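Working notes for the structure below.
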Amino acid sequence: MEEERKFISGIVPPNQLLAPACWFAFRENKLLVSQEPATATIPCLIDFSELGCTVLSQHYLGHLEHTHCYAVELAEGTSPPAGMSFEGLRQVYGRLDEDLFWVATRAVQIVDWGRTHLFCGRCGTPLRTKTTERAKECPICGQLHFPRLAPAIIVLVERCHELLLARSRHFLPSMYSVLAGFVEPGESLEEAVVREVKEEVGVDLKIIKYFGSQPWPFPHSLMIGFTATYAGGEIRLDDTEIEDAGWFTVNNLPAIPGKISIARKLIDWFVEKQRNSLIKDLP
Ligand SMILES: [Zn+2]
119 MEEERKFISG IVPPNQLLAP ACWFAFRENK LLVSQEPATA TIPCLIDFSE LGCTVLSQHY
179 LGHLEHTHCY AVELAEGTSP PAGMSFEGLR QVYGRLDEDL FWVATRAVQI VDWGRTHLFC
239 GRCGTPLRTK TTERAKECPI CGQLHFPRLA PAIIVLVERC HELLLARSRH FLPSMYSVLA
299 GFVEPGESLE EAVVREVKEE VGVDLKIIKY FGSQPWPFPH SLMIGFTATY AGGEIRLDDT
359 EIEDAGWFTV NNLPAIPGKI SIARKLIDWF VEKQRNSLIK DLP
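Rendered as C-alpha cells:
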C-alpha cells in the first residue's frame, strides 16, 4: 500500500505569505469548505481574515507542493461565509481533492490538540507552544506535551477462499468489517493483532504480515494494517463488542466500509487476490 504524499510537514511559518495559502479552518470538528455541487474546496487566500471569521488559534502545518497550509480553530457558533459550509471530514471525502483531504486530517488533529492541551497535566500551569517542534512546554516544570496519537491495529484474517468479517455494536445496520483494536502499553503490534482477534472472535492466527497504515482522525488514531492466516479455533463472540462474525467469500460479501478506510483497502486487496487466483485456475 504505497502512496506518494506531496505534503511536507513544517513547524516554522513563512515570514510573509507571497501567494495564497490553504486554510483548513474548523468549527469544532467541522471543516470550512466552499460549496460546489459535486466537489468541495478549501479556502485559498493570502489573508484568512478576509473571510471575517473569528480565529481562536492558528497552526502552521507545512506545504502541499508549493502551497503553504494552515490549521485554524474558529469560535463556536461561527457562521460560514457566503457560498461556504462546515462539513464533517467523512462527508467531504471523495469530494475534496485526496491530497487536501489528508492534510485536513492532520489539521483537525492539530486543532483538537491545541484546544484540549491548554494546561500542564503534571502541575496545572498554562502551556506554551514550542516554536521549533510540534509540542507544548510547561514553563514551570518543563514537561513536554505532544499531540496525542492512539495506535490501533486492524487485521484481515483469511482462511483459504474466505475472510473473517465482524459486526461491531456501533456499526451502521448490516455493515461488516475486518477486526480492529487499540494497542495496549507494552505490547508489540503483532501481539495486539493476536490478542484482539482471540478476544473478539476466539480464533488463533499465524503468518501475520504488515499491510500498510493510515491516519484515522476520529479523533486521533493511527491504524496499522495487517493480514493474517487462520490457524485454528471456532468463532466465539465477545458479545460486549461484537454482534456477529463469520467467514465470507468474495461472492457473498455483506455491506462493507467505504473507500476512505484502510479496512476497505484490506478487503479490496483480498478480493483482488481471489479474482487473480481464479483467473490463474482457469483452464
Ligand atoms: Zn508543569
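Here the sequence shown is numbered in the numbering used here, starting from 119 and rising by one per residue.
Note that the Cβ used here is the ideal one computed from N, Cα and C, for glycine as well.
In this text, all values refer to a predicted model and were calculated from it rather than measured experimentally.
Exercise. Which of the three DSSP states, helix, strand or coil, is assigned to Phe264?
Worked result: coil
For this session: Output the boundary residues of the beta strand (DSSP E) element that contains Lys148.
Result: 148-153
For this session: Decide if Val130 is buried, meaning its Cβ has at least 16 other Cβ atoms within 10 Å, or exposed.
Result: exposed
Exercise. Do Arg240 and ligand 1 come close, with the Cβ less than 7 Å from some heavy atom?
Worked result: True, at least one ligand heavy atom lies under 7 Å from that Cβ.
For this session: Please check the pair Ala363 and Ile353, which I expect to be a contact at CB under 8 Å, by giving their CB distance rounded to whole angstroms.
Result: Yes, Ala363 and Ile353 are in contact; Cβ-Cβ is about 5 Å, under 8 Å.
Exercise. For ligand 1, is there a heavy atom less than 7 Å away from the beta-carbon of Ile374?
Worked result: no
Problem set entry | Start-end ranges of the alpha helix (DSSP H) lying completely within the segment 214-288, minimum 4 residues | 216-234
Problem set entry | Coil, strand or helix - Arg145 by DSSP | strand
Exercise. Using a Cβ-Cβ cut-off of 6 Å (strictly less than) and excluding sequence neighbours within five positions of Arg246, which residues of its own chain qualify?
Worked result: Glu255, Pro257
Problem set entry | Euclidean distance between Cα positions of Cys140 and Ala381 | 29 Å
Exercise. Do the segment 192-211 and the segment 145-160 meet, that is, are 3 or more Cβ pairs less than 8 Å apart?
Worked result: They touch, by the three-pair rule.
For this session: Locate the beta strand (DSSP E) running through Leu174, then write down its first and last residues.
Result: 173-182
For this session: Would you be able to state if there are at least three C-beta pairs under 8 Å between the segment 219-232 and the segment 326-336?
Result: yes
Exercise. Under 8 Å, do Thr345 and Leu274 count as touching if we go by C-beta distance?
Worked result: yes
For this session: Could you tell me if the beta carbon of Cys171 falls within a distance shorter than 7 Å of some heavy atom in ligand 1?
Result: no
For this session: Verify whether the separation of the beta carbon atoms of Pro138 and Cys171 is less than 8 Å.
Result: no
Exercise. By how many angstroms is the C-alpha of Gly212 removed from the C-alpha of Ile160?
Worked result: 14 Å
Problem set entry | Simplified DSSP state of Phe413, which is helix, strand or coil | The first residue shown for the chain is 119 and the last is 401, placing residue 413 beyond what the model contains.
For this session: Measure the C-alpha to C-alpha separation of Ala193 and Ile342 and round it to an integer number of angstroms.
Result: Taking the straight line from one Cα to the other gives about 34 Å.
For this session: Please report how far the alpha carbon of Ala349 lies from the alpha carbon of Thr249, in whole angstroms.
Result: 50 Å
Exercise. Taking the alpha-carbon positions, what's the Glu168 to Pro155 distance?
Worked result: If you take the alpha carbons of Glu168 and Pro155, they lie about 24 Å apart.
Problem set entry | Secondary structure of Met119, DSSP reduced to three states | Because Met119 sits at a pLDDT of 46, beneath the cut-off of 50, its placement in the model cannot be relied upon, and the following sentence gives the value as read from the coordinates. For Met119, the secondary structure class from DSSP, reduced to helix, strand or coil, is coil.
Exercise. Comparing alpha-carbon positions, which option in His177, Ala310, Val173, Ser379 lies nearest Gly232?
Worked result: His177
For this session: Could you say which of Thr157, Gly376, Pro269 lies nearest to Ser295 if we only look at CA atoms?
Result: Gly376
Exercise. Does DSSP classify Glu305 as helix, strand or coil?
Worked result: coil
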